[in-house]
Amino acid sequence: MHTIEHLKRLIFILILFIIQINMILTDNQEDNNRLETIYRLENSHVSLTCDLTDVAWWKRPNILATRYGIILPKYRSKMILDKLDDGTTTSGIQLHVLNIRHLQSDDSGIYECETLGAIRQFNLTVT
Numbered sequence: 007m008h009t010i011e012h013l014k015r016l017i018f019i020l021i022l023f024i025i026q027i028n029m030i031l032t033d034n035q036e037d038n039n040r041l042e043t044i045y046r047l048e049n050s051h052v053s054l055t056c057d058l059t060d061v062a063w064w065k066r067p068n069i070l071a072t073r074y075g076i077i078l079p080k081y082r083s084k085m086i087l088d089k090l091d092d093g094t095t096t097s098g099i100q101l102h103v104l105n106i107r108h109l110q111s112d113d114s115g116i117y118e119c120e121t122l123g124a125i126r127q128f129n130l131t132v133t
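Just so you know, we're using this note's numbering here: the sequence shown kicks off at 7 and counts up by one.
Printed below as a string of structure tokens:
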């Protein structure tokens, strides 16, 4: 009798654990890809902030900056990379910021910061 109750309790705990794992995995998959829409005027600037680690920056099909924080030479005149601490001492998260200056209409498009398994996208429209 005692063993059956113990087994039922163990099965119940196992089911709760499986449900929690499923919720965590689902939340992470939904959070891995985000799209933010941004509007700016010509000759203004924009800062695209990414909360992923070890990111490369893209404006497909072109890579703008490598995971090592190096902007490709042809983009250096109008782009700067910054790393910012998120302000907490416990998370250890660094924010990666791509600053684009002197925006022109041909700067419009989808910008991406990406790392293994996750992408943040920014749909920039310059008018």
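Beta carbons are placed, not taken as given, at the ideal position from N, Cα and C, and that holds for glycine.
Need the endpoints of the beta strand (DSSP E) that residue i sits in, please.
| i | result |
| --- | --- |
| Tyr45 | Asn39 to Arg46 |
| Ile69 | Asn68 to Ala71 |
| Gln100 | Gln100 to Ile106 |
| Ser53 | Val52 to Cys56 |
| Tyr117 | Gly115 to Thr121 |
| Ile125 | Ala124 to Val132 |
| Lys65 | Ala62 to Lys65 |
| Leu90 | Met85 to Asp91 |
Would you grab the beta carbon distance between residue i and residue j for me? Rounded to a whole angstrom, and I think it's under 8 Å.
| i | j | result |
| --- | --- | --- |
| Thr72 | Ala62 | 6 Å |
| Arg2 | Leu58 | Within the shown structure, residues of the chain are numbered from 7 to 133, placing residue 2 beyond reach of any answer. |
For a quick check, are the C-beta atoms of residue i and residue j less than 8 Å apart?
| i | j | result |
| --- | --- | --- |
| Leu70 | Met85 | yes |
| Val132 | Ser53 | no |
| Glu48 | Ser114 | no |
| Asn129 | Leu41 | yes |
| His51 | Arg107 | yes |
| Ile77 | Leu87 | yes |
| Trp64 | Glu118 | yes |
Going by alpha carbons, who is nearest to residue i out of the options?
| i | options | result |
| --- | --- | --- |
| Arg66 | Ala124, Glu120 and Ile76 | Glu120 |
| Leu1 | Ile116, Asp60, Tyr74 and Asn105 | The structure shown does not extend to residue 1, since the chain is modelled only from 7 to 133, so the question has no answer here. |
| Ser83 | Gln100, Asn68, Asn105 and Phe18 | Asn105 |
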